[in-house]
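Which chain is which? The protein sequence lines are A and B, in order.
Everything in the first sequence is counted per my numbering, starting at 1 for the first residue and increasing by one.
Everything in the second sequence is counted per my numbering, starting at 240 for the first residue and increasing by one.
Even glycine gets a Cβ: it sits at the ideal position worked out from N, Cα and C.
Remember, it's a predicted structure, so these values are computed and weren't measured experimentally.
Everything below concerns the one structure shown next.
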Amino acid sequence: MEIGQILSSKKLIVETLEQIKSRVEAAVSGAKIEIVQNPGPANQPSLLIDNEHAVAVASFLRDDPKLRLDFCSNATGVDWLDRTVKKMVKVKTIVEGVEKEVDQTTEEKIPGYLEAVYHLYSITHKHGPLIIRMRTADRADGARLPSLTPVWRSAEFQEREIFDLYGIRFDGHPDLRRILMWDEFVDHPMRKDYRDPDDYEYEPTPHDEVLERAKRHYAPRPQLDGAENIVAGGDALNR
Amino acid sequence: MTEAIDEGLRSELQRQGVWVTSMQELYNWGRRNSIWPLQFGLACCAIEMIATAASRYDIARFGGEIFRPSPRQADLMIVAGTVTKKMAPQIVRLYNQMPDPKYVISMGACAISGGPFKQGYNVLKGIDRYIPVDVYIPGCPPRPEALLHAFMELQRKIDSQKLTGDNKAEHLDPAQPSEFPVPAFGEHDLEPPANPSLFHPPKIERQ
């Protein structure tokens, strides 16, 4: 078969996510699976699988004769910071002796976590993708996930990349080292709170955030800019 | 010295079949017409460098076609492409391994300043933070003609280098360094982030 035919014969998975979810939960006892809707133009909902049974669930998805998701094409990380979700809830209250429905906003605080997302395809059945996610307990010490490299070998380098850039430690990974940055590096640059090193001493055309950071290397000019614009650490490089 | 000979006398002698030259002229003539570049490329600028070396642009016309796979045999380092912070120590080490006299062409926006990746955490903001650069070529990537232009500029520079006197070439002055410290991989950045004896960012006049 030619490559064009293979690509054009690619099709979506026949089963719905709900069917896959119920079949997986029946096959792997104790597995908890949640369907994460992803409204938007792409509209790619995914399965959130629990870390404890992740390897068993992944093995099922790979080996099940109807699914045969034998190809992990992509593994990536996502950093979710702490966030608050505002919800409008209708609450029945008694106002001036009359029962009324009143809108009330409730705030839900969701602590931050890191996520690993895998895109699965089937070479055998030429269908896909099925997207699965795993979430860490928190963004610090609990950022551990089970490695899916034993299930899909192609995840090895990509899990190393996630470890390098997001700091998720994959338990069961055969060779978990940094892959892009050097071994002595301690930061995780794709995290949203990462601060890159300050080498902004020569910016010929600075603007926006770069301008703000470059200003710290300029000599303060209080008579022109006003004293309040002097930032700490200015004149660090003999300007 | 060439300056010691009257140009009119020189051309008169040449007409009579006597060719007068100086040691310096002969030496620089030989050097500038056999510049051997170090064979390595870092990114898309390397593709343009390869095109420059191939038959259409043919850097052999200027004596620069012998790309050496070893720094020990190279005269010229063409830093062609993005220098990542992970690669920078290796570049400096290769430069240190080249014998004097040695020259550096910083090819393209990335090698000059980091280019489009200037604000990236992983990209060195210009190779001149660690090694001295003789010719800068702007462009993203520069066309082969631009590299040839830079090559000819370098030949002009070599031609004008003095063998004796106070302003003789750097490689003939034992006080001038020929090796530069290799930066170490630090916890957050390369250490040091620039060689302070080498890197002097131009002062920017703010309006």
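Requested in this report: Kindly indicate the opening and closing residues of the alpha helix (DSSP H) around Thr291 (chain B).
Outcome: Counted from its first residue, the second sequence places residue 291 (chain B) at position 52. Here the alpha helix (DSSP H) through Thr291 (chain B) covers 283-292.
Query raised in the report: So who's on the other strand from Cys72 (chain A), going by DSSP bridges?
Result: Here residue 72 (chain A) refers to the residue found at position 72 of the first sequence. Beta-bridge pairing links Cys72 (chain A) to A:Leu120.
Report task. Mind the definition here: the region 106-120 of chain A touches the region 26-38 of chain A only if three or more C-beta pairs lie below 8 Å; say whether that holds. Result -> no
Query raised in the report: Beta-carbon separation of Arg311 (chain B) and Pro338 (chain B) under 9 Å?
Result: For the purposes of this step, residue 311 (chain B) is identified with residue 72 of the second sequence, where counting begins at 1. For the purposes of this step, residue 338 (chain B) is identified with residue 99 of the second sequence, where counting begins at 1. It is a contact, given that the beta carbons lie within the stated cut-off.
Query raised in the report: Quick one: is Phe424 (chain B) near chain A, going by C-beta distance under 9 Å?
Result: Along the second sequence, read from residue 1 onward, the residue named residue 424 (chain B) stands at position 185. It does: the Cβ of Phe424 (chain B) has a partner Cβ on chain A nearer than 9 Å.
**Report entry** Own chain partners of Arg332 (chain B) with C-beta closer than 8 Å, once the 5 adjacent residues on each side are dropped
**Finding:** As a first step, residue 332 (chain B) must be located in the second sequence, where it is residue number 93. Taken in chain order, the residues that qualify are Val421.
Requested in this report: Go to Lys396 (chain B), then tell me how far its alpha helix (DSSP H) extends in each direction, as first and last residue.
Outcome: In the second sequence, counting from the first residue as 1, residue 396 (chain B) sits at position 157. Unbroken alpha helix (DSSP H) run through Lys396 (chain B): 383-398.
Query raised in the report: In chain order, what residues of the same chain have a beta carbon less than 8 Å from the beta carbon of Leu429 (chain B), not counting five sequence neighbours either side?
Result: Translated into the one-based positions of the second sequence, residue 429 (chain B) becomes position 190. Same-chain partners within the cutoff: Lys324, Ala327, Pro328, Leu363, Pro422, Ala423.
Report task. Between the Cα of Arg271 (chain B) and those of B:Met316, B:Asp398, B:Phe438, B:Ser345, spot the shortest distance and give me the residue it belongs to. Result -> On the second sequence, position 32 is the one that residue 271 (chain B) refers to. Nearest option by C-alpha distance: B:Asp398.
Report task. Would you mind reading off the limits of the alpha helix (DSSP H) that contains Val57 (chain A)? Result -> Stepping through the first sequence from its first residue, residue 57 (chain A) is reached at position 57. First-last of the alpha helix (DSSP H) with Val57 (chain A): 54-63.
Requested in this report: Please state whether DSSP places Tyr166 (chain A) in a helix, a strand or coil.
Outcome: Taking the first residue of the first sequence as position 1, residue 166 (chain A) is located at position 166. Helix at Tyr166 (chain A).
Report task. Go through its chain and collect everything with a Cβ distance to Lys92 (chain A)'s Cβ below 7 Å, but skip five positions before and after it. Result -> Indexing the first sequence from 1 puts residue 92 (chain A) at position 92. Glu99, Glu101, listed in sequence order.
Query raised in the report: Are the region 150-158 of chain A and the region 57-73 of chain A touching, with three or more C-beta to C-beta distances below 8 Å?
Result: yes
Query raised in the report: Under three-state DSSP, which class holds Gly234 (chain A)?
Result: Against the first sequence, residue 234 (chain A) aligns to sequence position 234. Bear in mind that the predicted position of Gly234 (chain A) carries a pLDDT of just 46, short of 50, making it unreliable; the figure below should be weighed with that in mind. Gly234 (chain A) falls in the coil class under three-state DSSP.
Query raised in the report: Can you tell me where the alpha helix (DSSP H) with Glu107 (chain A) in it begins and where it stops?
Result: Within the first sequence, residue 107 (chain A) is the residue found at index 107, counting from 1. Here Glu107 (chain A) belongs to no alpha helix (DSSP H); instead the beta strand (DSSP E) covers 98-110.
Query - His127 (chain A) - partner residues in DSSP beta bridges - result: As a position in the first sequence, residue 127 (chain A) is number 127, starting the count at 1. Answer is A:Lys11, A:Ser122, bridged to His127 (chain A).
Query raised in the report: Going by the CB atoms, is the gap between Glu418 (chain B) and Val186 (chain A) shorter than 9 Å?
Result: For the purposes of this step, residue 186 (chain A) is taken as residue 186 along the first sequence, with counting starting at 1. For the purposes of this step, residue 418 (chain B) is taken as residue 179 along the second sequence, with counting starting at 1. Not a contact, by the Cβ cut-off of 9 Å.
Requested in this report: Examine chain B for any beta-carbon lying closer than 9 Å to the beta-carbon of Asp79 (chain A), and answer yes or no.
Outcome: Taking the first residue of the first sequence as 1, we reach residue 79 (chain A) at position 79. Closer than 9 Å: no.
Query raised in the report: Any idea what DSSP makes of Gly320 (chain B), helix, strand or coil?
Result: Within the second sequence, the letter at position 81 stands for residue 320 (chain B). If DSSP states are grouped into helix, strand and coil, Gly320 (chain B) belongs with coil.
Report task. Would you decide whether Ala313 (chain B) is buried or exposed? Buried here means 16 or more other CB atoms lie within 10 Å of its CB. Result -> For the purposes of this step, residue 313 (chain B) is taken as residue 74 along the second sequence, with counting starting at 1. Buried is the call here.
Query raised in the report: Does Phe185 (chain A) have its Cβ less than 9 Å from a Cβ in chain B?
Result: Looking up residue 185 (chain A) in the first sequence gives position 185. Judged by the 9 Å Cβ criterion, Phe185 (chain A) is in contact with chain B.
Query - Short CB-CB distance (under 9 Å) between Gly359 (chain B) and chain A - result: As a working note, residue 359 (chain B) is residue 120 in the second sequence. At least one chain A Cβ lies under 9 Å of Gly359 (chain B).
Requested in this report: Specify the secondary structure class of Val24 (chain A) as computed by DSSP and reduced to three states.
Outcome: Here residue 24 (chain A) refers to the residue found at position 24 of the first sequence. Three-state result, Val24 (chain A): helix.
Requested in this report: Express the C-alpha separation of Arg382 (chain B) and Leu411 (chain B) in angstroms, rounding to a whole number.
Outcome: By 1-based counting over the second sequence, the position of residue 411 (chain B) is 172. By 1-based counting over the second sequence, the position of residue 382 (chain B) is 143. Taking the straight line joining both Cα atoms gives about 33 Å.
Query - Residue span of the alpha helix (DSSP H) that contains Val331 (chain B), given as start and end - result: In the second sequence, counting from the first residue as 1, residue 331 (chain B) sits at position 92. Here the alpha helix (DSSP H) through Val331 (chain B) covers 327-336.
Query raised in the report: Exposed or buried, what is Ser46 (chain A) when buried is set at 16 or more other beta-carbons lying within 10 Å of its beta-carbon?
Result: Walking along the first sequence from the start, residue 46 (chain A) turns up at place 46. Buried, because 16 or more other Cβ atoms sit within 10 Å of the Cβ of Ser46 (chain A).
Requested in this report: Determine the burial state of Gln19 (chain A): buried for a count of at least 16 other Cβ atoms within 10 Å of its Cβ, exposed for fewer.
Outcome: Residue numbering aside, residue 19 (chain A) sits at position 19 when the first sequence is read from its first letter. With fewer than 16 other Cβ atoms within 10 Å, it is exposed.
Query raised in the report: So Met346 (chain B) is in the beta strand (DSSP E); what residue range does that whole segment cover?
Result: Here residue 346 (chain B) refers to the residue found at position 107 of the second sequence. Residues 342-346.
Query raised in the report: Can Ser273 (chain B) be considered in contact with the ligand SAH, in the sense that its beta carbon sits closer than 8 Å to one or more heavy atoms?
Result: No copy of the ligand SAH occurs in the structure displayed, which carries no ligand at all.
Query raised in the report: Which first and last residues belong to the alpha helix (DSSP H) in which Arg270 (chain B) is found?
Result: Position 31 of the second sequence, counted from the start, is the residue given in the question as residue 270 (chain B). Its alpha helix (DSSP H) spans residues 262-271.
**Report entry** Span of the beta strand (DSSP E), counted from its first residue to its last, around Val91 (chain A)
**Finding:** For this step, residue 91 (chain A) is matched to residue 91 along the first sequence. Where Val91 (chain A) is concerned, the enclosing beta strand (DSSP E) stretches over 83-95.
**Report entry** the region 364-379 of chain B in contact with the region 340-347 of chain B per 3-pair CB rule at 8 Å
**Finding:** yes
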